[in-house]
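Everything on this sheet refers to the single structure shown next.
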Amino acid sequence: MKALLLAGGLGTRLRPLTENLPKPMAPIANRPWLEHLITHLREQGVDHFVMAARHCSDVIRRHFGDGRRWGVKIEYAVEPFPMGTAGAIKNAERFFDDCFLVFNADIVHLPELIPLLEFHRQHGGIATIALTEVDDPTSYGVVEQDDTGRILRFVEKPRPEEAPSNRINAGLYILEPDVFRYIPAQREVSIERETFPRLIQESAGVYGMISRGYWRDMGTPSRYRQVHWDVLDRRFPLPMQGRQVQPGVWAGEDVEFGKGVLFVPPVLIGNKVKIGDQAVIGPYAVIGDNCRIGARVHCSNSILWDRSVVRDGSRLSNSIFGYRTVAPAGEVFKNSIINDPGEVMQA
Ligand code: GTP
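When we follow full-length UniProt numbering, the leftmost residue of the sequence shown carries the number 1, and every step to the right adds one.
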C-alpha cells in the first residue's frame, strides 16, 4: 500500500519553531512526528511513501533519505510553488495508479487502517474521509452524512445549534486515482474547500468513517504542548523512548544527574542529558537528547528540543525551546517560544 504524506505547509501558527522546519518534523516526545507516523504506518502494512513537501523539504530528505533505515521506500514530490492540499496531491499524480492513502502529516494519531480500507472497498466510491469526533465542532468543518456513511455536505465552523454532527475531517483519506481528474493542475487547490465539495456535488461518492482513538492537530503552540502532556499522562499511547526510573519519569541512555535533583512526574528525558545539582524538573517537562541543564534550574510545563542548554538558576515554565537554544543563567522564561532562526535542524 502506498501513502502520500502532506508535509509542505508553512506551519505559520507554530512559528518560530517552524521557521526552518516542516511542522510534521517537529519532535513529539523527542522524535520527529513523521518518524512516529511512518513507523506506525509501516506496522499497518504501508511500505511505500511519497512525501509531498515544499517548505524546508531538504530537512525531510536529509532525515529520511530513501527510507531504507525505516524499512520502507520513500520518494519525494517537491512543489515548485505552494499548491495547497489538493494541488500537492495532483503534483504527486505520477506516483499513483491504484487506490492510495493521503495523510495531513501534522495530525497526531495512530489510526487503524484496515477498517477504513474495508469500508472503502465496500462502498466503491471515489474517496473515504476518516472522521474524528470532537466535543466542540464550532471551529472545524463538520460533516453531514446519510445512513450509508455518504457525505452530503460540509458545514464550515458552524454555530453550536447549526452543527449537523460532531464529526470532523481527521486529515486522512483513501482516494481512487480517478480523483486526479477532478483536481486542476498547476495552481493552488485546497482539498477541503474545493475538491471534496466538487466531488460531492458531482456525486462521485465521498464517504466518511470514524477513526477511533487519540487524535489531535499539533498546529498551534498550545495544541503542540497538549500532545506532549497527553503522551506523559499516557492518554496518547505513543511508545516511550527510555525506561521508567521512577513512576512517571522516563529517561534515555547515558543520562547524568547531579546531587539533589528533584523530578516531579511526569517527565521525559532523552539520551545523553546532563542535569546539574538541585535542579527541579517537572511536572510536565520533556527534555531532548544532548541537553544540558544547569544547577538549580526549575523546568515545568516545558519542552526542550535536542541540544538545548539552560544555564544555572534559570526558570522555565510553559515554554518551548527549539533545537540548540541557549538560555543564559538566572533568567526567567514564562510562556516563551524560542528558536534561533539561524539554526537548521541536523538529521
Ligand atoms: P498553518 O500555516 O499554521 O495553517 O499550517 P500549514 O499550512 O502548514 O498546515 P495546515 O494545517 O493548513 O495543513 C494541513 C497539512 O497539509 C499539513 O501537514 C501541511 O504540511 C500540509 N499542507 C498544507 N498546505 C500544503 C501545500 O501547499 N503543500 C503540501 N505539500 N502540503 C501542504
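Note that the Cβ used here is the ideal one computed from N, Cα and C, for glycine as well.
Check, Outcome
"Burial state of lysine 90 (16 or more Cβ within 10 Å)", "buried"
"Contacting residues, own chain, Cβ-Cβ under 6 angstroms from valine 231 (five flanking each side not counted)", "Ala29 and Leu238"
"beta-carbon leucine 113 near the ligand GTP non-hydrogen atom, thresh 7 angstroms", "no"
"Inter-stretch contact at 8 angstroms, needing at least 3 Cβ pairs: the stretch 118–133 / the stretch 12–28", "no"
"Where the beta strand (DSSP E) through arginine 167 begins and ends", "167–175"
"Aspartate 106 Cβ short of 7 angstroms to the ligand GTP heavy atom set", "yes"
"Buried versus exposed, by CB contacts within 10 Å (16 or more), residue 348", "As shown, the chain starts at 1 and ends at 347. That puts residue 348 outside it, with no answer to give."
"Best match in Phe257, Lys272, Gly270 and Ile269 for proximity to glutamine 278 [C-alpha to C-alpha]", "Phe257"
"Residue 410 burial status per 10 Å Cβ neighbour count (16 or more: buried)", "What the structure shows of the chain is the stretch from 1 to 347, and residue 410 is not part of that stretch, so it cannot be assessed."
"Distance CB(isoleucine 151)-CB(isoleucine 174) smaller than 8 angstroms", "no"
"C-alpha gap between isoleucine 303 and leucine 4, whole angstroms", "29 angstroms"
"Cβ distance (whole Å) where isoleucine 269 is taken to contact glycine 242 below 8 angstroms", "7 angstroms"
"Start-to-end residues for the beta strand (DSSP E) that takes in alanine 37", "According to the sequence shown, residue 37 is leucine rather than alanine. Element bounds for leucine 37: not the beta strand (DSSP E) but the alpha helix (DSSP H), 33–43."
"Methionine 83 beta carbon near the ligand GTP (any heavy atom closer than 7 angstroms)", "yes"
"Any non-hydrogen atom of the ligand GTP closer than 7 angstroms to alanine 53 Cβ", "yes"
"Whole-angstrom distance between threonine 18 and leucine 10, CA atom to CA atom", "7 angstroms"
"Cβ contact (3+ pairs, closer than 8 angstroms) linking the stretch 187–202 and the stretch 153–162", "yes"
"Closer than 7 angstroms: leucine 17 CB and nearest the ligand GTP heavy atom", "no"
"Closest by C-alpha distance to glycine 149, when choosing among Ser211, Phe96, His298 and Arg296", "Ser211"
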